[in-house]
Amino acid sequence: MFRRRSTSAAPDSSSSESASHESAEATQPKGYTPKKGVPTPKRRESEPDLRRPHKVPENRKEAYRAYRERLERQGGKGGRGATARRMPGVPQGEEKYFRQADLGEARAYARDFVDSRRSASEFFLPFSILIVVLLFVEMPLFQIGVAYVLWPLMMVTILVEGFFVGRTVKRRAAAYFPDDPMVRGVGMYAAMRQLQFRRLRLPKPRIKVREDPTPHGAR
16 MFRRRSTSAA
26 PDSSSSESAS
36 HESAEATQPK
46 GYTPKKGVPT
56 PKRRESEPDL
66 RRPHKVPENR
76 KEAYRAYRER
86 LERQGGKGGR
96 GATARRMPGV
106 PQGEEKYFRQ
116 ADLGEARAYA
126 RDFVDSRRSA
136 SEFFLPFSIL
146 IVVLLFVEMP
156 LFQIGVAYVL
166 WPLMMVTILV
176 EGFFVGRTVK
186 RRAAAYFPDD
196 PMVRGVGMYA
206 AMRQLQFRRL
216 RLPKPRIKVR
226 EDPTPHGAR
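Heads up: the sequence shown begins at 16 in this note's numbering, then just goes up one per residue.
See the structure below:
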């Protein structure tokens, strides 16, 4: 007798619970979502932090490696040969010496033009050290001559050479490579390279002194 009452009470209780649950949901406003039992994660926790700072290359080698990886992602897998084809003016096997500013046939011509001649500007660094040493000589007239004659003469020479070399390189590069976007700024690029000692220049010189720097297609 008691067993029948308990079994009959079980479905009644379950039906009453479901009915109360349905009535509770019916009283909620439209668009209400019942709780899941677990708190919803915040957006900044569920999504990756896209504003994190990128790693800045610490030297030229890392910068070039990042540049090659970017080229491979854009153009697919191609290896060293494909990278060299995308970098005009770069000799095979010397890609590690080149920056983004060194790419292009116009920049290659500017380097060849500077490397094919001797100039007073390339001795700027050793000459500056020499002047500093001479200023320690305890002779007032000699110090005045070094500070007010020798040093200004060297600076004027460097400025004049840089002006004429930059203007010449810019004019010829624009005539030889009119479609090269790296023609812009090639004059300053040549003038700055001229200030470097020949053995310390990067990329390394590919022609000798007094050799014709004119491109083969323009000869």
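Quick reminder that beta carbons are idealized off the backbone N, C-alpha and C, glycines included.
For residue i, the first and last residue of its enclosing alpha helix (DSSP H)
{"i": "Met143", "result": "The residue asked about is misnamed: residue 143 is Ser in this sequence, not Met. Taken as a continuous stretch (DSSP letters only), the alpha helix (DSSP H) holding Ser143 covers 139-149."}
{"i": "Phe157", "result": "155-160"}
{"i": "Leu168", "result": "166-191"}
Simplified DSSP assignment, three categories, for residue i
{"i": "Gln115", "result": "helix"}
{"i": "Ala206", "result": "helix"}
{"i": "Gly93", "result": "Below a pLDDT of 50, predicted positions are generally treated as unreliable, and Gly93, at 44, falls in that range; no measurement from the model is reported."}
{"i": "Val152", "result": "coil"}
{"i": "Glu120", "result": "helix"}
{"i": "Asp227", "result": "coil"}
{"i": "Pro218", "result": "coil"}
{"i": "Ala125", "result": "helix"}
{"i": "Arg132", "result": "coil"}
{"i": "Glu73", "result": "coil"}
{"i": "Arg83", "result": "helix"}
{"i": "Arg199", "result": "coil"}
Buried versus exposed call for residue i [16 or more other C-beta atoms within 10 Å across all chains shown]
{"i": "Met197", "result": "buried"}
{"i": "Val171", "result": "exposed"}
{"i": "Phe113", "result": "buried"}
{"i": "Gly93", "result": "Only weak support is given to the placement of Gly93: the predicted model assigns it a pLDDT of 44, under 50, and the question is left unresolved by the model."}
{"i": "Ile222", "result": "exposed"}
{"i": "Pro167", "result": "exposed"}
{"i": "Val129", "result": "buried"}
{"i": "Pro218", "result": "buried"}
Contact test: residue i Cβ vs the ligand NAP heavy atom, cutoff 7 Å
{"i": "Gly160", "result": "This structure lacks the ligand NAP, and indeed carries no ligand of any kind."}
Residue-level contact to chain C via CB, residue i, 8 Å cutoff
{"i": "Val175", "result": "This model lacks chain C altogether; it includes just one protein chain."}
_Three Cβ pairs or more, each shorter than 8 Å: is that satisfied between the segment 117-130 and the segment 182-199?_
The segment 117-130 makes contact with the segment 182-199: 3 or more CB pairs, one atom from each, lie closer than 8 Å.
*Should the segment 219-234 be called in touch with the segment 138-158, which here means at least 3 C-beta pairs below 8 Å?*
The segment 219-234 vs the segment 138-158: no contact.
* Could you say if the segment 200-218 and the segment 177-184 meet the contact criterion of at least three C-beta pairs nearer than 8 Å? => Yes, they touch.
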